[in-house]
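Remarks on the structure that follows.
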Amino acid sequence: MRQPPTPPLIETDDPDVWLKQHRDWGVWASQCLDEDVAMSDIQNSLQEGHDHLFRQVWKRAVTTMKANGVAVPSSYVWFVMGSAGRKEAPLWTDQDHALFLGDDDRETVVTFSQRLVKGLQQAGYPRCPGRVMASEALWRGNPDTWNKRLNRWVTGSSRDDARYLMIVADARVVAGETDKVQKWRRDLIRLARQHPQILRRESDRRSRTPLNPWGGFYRERYGKHAGKVPIKEGGYLLMVDAFRLWSLALGIDETCTRRRIQEVGSSLKWSQQRVDTLLEALDTFLEFRLRNSLQYGTDTNHVDTSEHPVSRIRRLKEALVVSKQVWRSVRRDMERLAAHSDKGDRKR
1 MRQPPTPPLI ETDDPDVWLK QHRDWGVWAS QCLDEDVAMS DIQNSLQEGH
51 DHLFRQVWKR AVTTMKANGV AVPSSYVWFV MGSAGRKEAP LWTDQDHALF
101 LGDDDRETVV TFSQRLVKGL QQAGYPRCPG RVMASEALWR GNPDTWNKRL
151 NRWVTGSSRD DARYLMIVAD ARVVAGETDK VQKWRRDLIR LARQHPQILR
201 RESDRRSRTP LNPWGGFYRE RYGKHAGKVP IKEGGYLLMV DAFRLWSLAL
251 GIDETCTRRR IQEVGSSLKW SQQRVDTLLE ALDTFLEFRL RNSLQYGTDT
301 NHVDTSEHPV SRIRRLKEAL VVSKQVWRSV RRDMERLAAH SDKGDRKR
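Pasting the structure below:
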């Protein structure tokens, strides 16, 4: 396989240029697929592009505030979560980010965070529908505030507590002082290992893989995706969530699913063949997502099987089988871990 050509990256503070180069990545990505570039290389280069644009937005926010005589937060770390945190952002993605801050006044913090959100919108990243953005009070704060949230999410019993914990488990710094967030992430992993029940609860949820017992697909029956195969909830996300849980349980400080697969495989002494099969399944999901983005101009996770060659569809079925097996395995491991913890608590 060939090495990927470099996506167009331009140093500029012009939002119109940000948006243009973001749109130009589609041509670059299509060229990569046509030239049979490895999906892992395409994704790495694509993520470098996203990180580049985020840093351009950050620099412009700081420079503009200073030029206008507006105070900039004295200490700040900007980090991304979701697919960007895992270095798996698709061609088109919404915003998922937060701020670690010093003890600055509220007006300074609000102004700074709003400039970041606006800049990302100008660069082609729509606001997060779930409001996971630094402009929201829940997703910014000083270290003490973040530590209190972390303890609440780890020990809480609500669905939101668990969801927020899984969101921040993918936190990755894109600008600012990395050490502060890295220390906080280590605390997160330590607390998650001390409370394995929350990992078990996360592994208890059910997601149906869109494959029937005879090897055929389950397809959407109604709506705009009728006749298509949904591969996100019962495929790609099963792998993402499984290796996040394993990483937390094993104390592995990684956010990228690819690295998590490799580190978990090493920790559990899996064969290289098994690890390679898992990585191939991950790449298959990422490839189908990219092809859909190029064809439909948006991030969609429903596959029209009539638009792909038989060999590619065969790879998709194999990846779905792998994700189903992975989820069964992680559920067993999280159940054993929690049961062992419960037994230890009863002895004490």
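Counting from 1, one number per residue, gives the positions in the sequence shown under UniProt numbering.
C-beta: ideal position from N, C-alpha, C; glycine also.
Note that the structure is a prediction, hence the values are computed from the model and not measured.
Minimum C-alpha distance to S135 - residue among P129, N147 and F112:
F112
Buried versus exposed, by CB contacts within 10 Å (16 or more), S306:
exposed
Compare the beta carbon distance of R86 and D170 with 8 Å and say whether it is the shorter of the two.
yes
If you check the beta carbons only, do G251 and I189 fall under 8 Å apart?
yes
Beta carbon of L53, beta carbon of A123: below 8 Å?
Contact flag set, yes.
Out of N151, Q197 and T277, state which residue places its alpha-carbon closest to the alpha-carbon of D187.
Comparing Cα positions, the closest option is N151.
When we look at the beta-carbon of residue 358 and count the other beta-carbons within 10 Å, is it buried (16 or more) or exposed?
The requested residue 358 is not part of the displayed model; the chain covers only 1 to 348.
Is R185 near E335, with beta carbons less than 8 Å apart?
no
Please list, in chain order, all residues of the same chain as S75 whose beta carbon is under 6 Å from its beta carbon, the five residues on each side excluded.
Around S75, the same chain offers G102 as residues with beta carbons nearer than 6 Å, after the five sequence neighbours per side are excluded.
Can you tell me whether V268 is buried or exposed? The criterion is at least 16 other CB atoms within 10 Å of its CB, across all chains shown.
Strictly speaking, residue 268 in this sequence is Leu, with Val absent from that position. By the 10 Å Cβ count, L268 comes out exposed.
Is the beta carbon of G130 closer than 8 Å to that of A61?
Cβ atoms of A61 and G130: not closer than 8 Å.
Mind checking which residues open and close the beta strand (DSSP E) that includes V174?
Per DSSP, V174 belongs to the beta strand (DSSP E) from R172 to G176.
Do you know offhand how far A89's Cα is from R332's?
Approximately 29 Å between the Cα atoms of the pair.
Check whether L91 and S293 have beta carbons under 8 Å apart
yes
Could you give the distance in angstroms between the alpha-carbon of T300 and the alpha-carbon of V109?
34 Å
Does DSSP put G340 in a helix, a strand or coil?
The residue asked about is misnamed: residue 340 is His in this sequence, not Gly. If DSSP states are grouped into helix, strand and coil, H340 belongs with the helices.
Straight-line CA distance for L316 to D94?
25 Å
Helix, strand or coil for W78, going by three-state DSSP, please let me know.
strand
Determine, using beta-carbon pairs with one atom in the segment 235-245 and one in the segment 316-329, whether at least three such pairs fall under 8 Å.
yes
Consult DSSP for P230 and reduce its assignment to one of helix, strand or coil.
Strand, per DSSP.
Hey, would you say V303 sits closer than 8 Å to I231, going by beta carbons?
Between V303 and I231, the gap from beta carbon to beta carbon is short of 8 Å.
Mapping the DSSP letters down to three states, classify A61 as helix, strand or coil.
DSSP places A61 in helix when its eight states are reduced to three.
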